[in-house]
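A.B. asks: Take the sequence shown: its position 44, counting from 1, is numbered 44 in this note's numbering, and each next residue is one higher. The following block contains the structure, expressed as structure tokens.
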Amino acid sequence: MSATKFLAGFIVGGALGAVAGILLAPKSGKETREMLANSAKDVAQRADETVKEIQNKADSVVEEMQRKGEEIREKLQNLIDKKSDKAENPA
């Protein structure tokens with residue numbers, strides 16, 4: 001399952017659960033609207049934090065892959081240089 005699908009399901013599930021709980025609670029209309037507004041803010045904040053966390057992890061993975069790619073490139077270049085030296089100077 002992709003992180004995007006998980007995140008979308010997490011957000012939608014949280015929002016639906018919060019709305020259902022609030023609507024089924026025995027409160028006045030004004031209290032219910034306030035609770036809905038607070039819940040919406042809370043869900044939005046959690047979603048924002050989750051997105052930032054996923055972005056940070058993705059950035060870390062990209063940086064690591066770039067570093068490893070550079071290491072591989074350097075090793076390959078060294079091998080090519082050694083082969084070239086042997087071809088030019090057979091001993």
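Ideal Cβ placement from N, Cα and C applies to all residues, glycine included.
#1: Just to confirm the assignment, what range does the alpha helix (DSSP H) spanning Lys52 have?
#2: Can you tell me whether Ala105 is helix, strand or coil according to DSSP?
#3: May I have the straight-line CA-CA distance separating Ile80 from Ile54, to the nearest angstrom?
#4: Using 10 angstroms around the beta-carbon of Val43, count the other beta-carbons present and answer buried if the total reaches 16, otherwise exposed.
C.D. replies: Taking the geometry as given:
#1: Within the sequence shown, numbered from 1, the residue matching residue 52 stands at position 52. It spans 29-88 - the alpha helix (DSSP H) in which Lys52 sits, taken as one unbroken run.
#2: Residue 105 is absent from the model: the chain starts at 1 and stops at 91.
#3: Walking along the sequence shown from the start, residue 80 turns up at place 80. Walking along the sequence shown from the start, residue 54 turns up at place 54. For Ile80 and Ile54, the distance between alpha carbons rounds to 39 Å.
#4: Working through the sequence shown from its first residue, we reach residue 43 at position 43. Val43 should be labelled buried.
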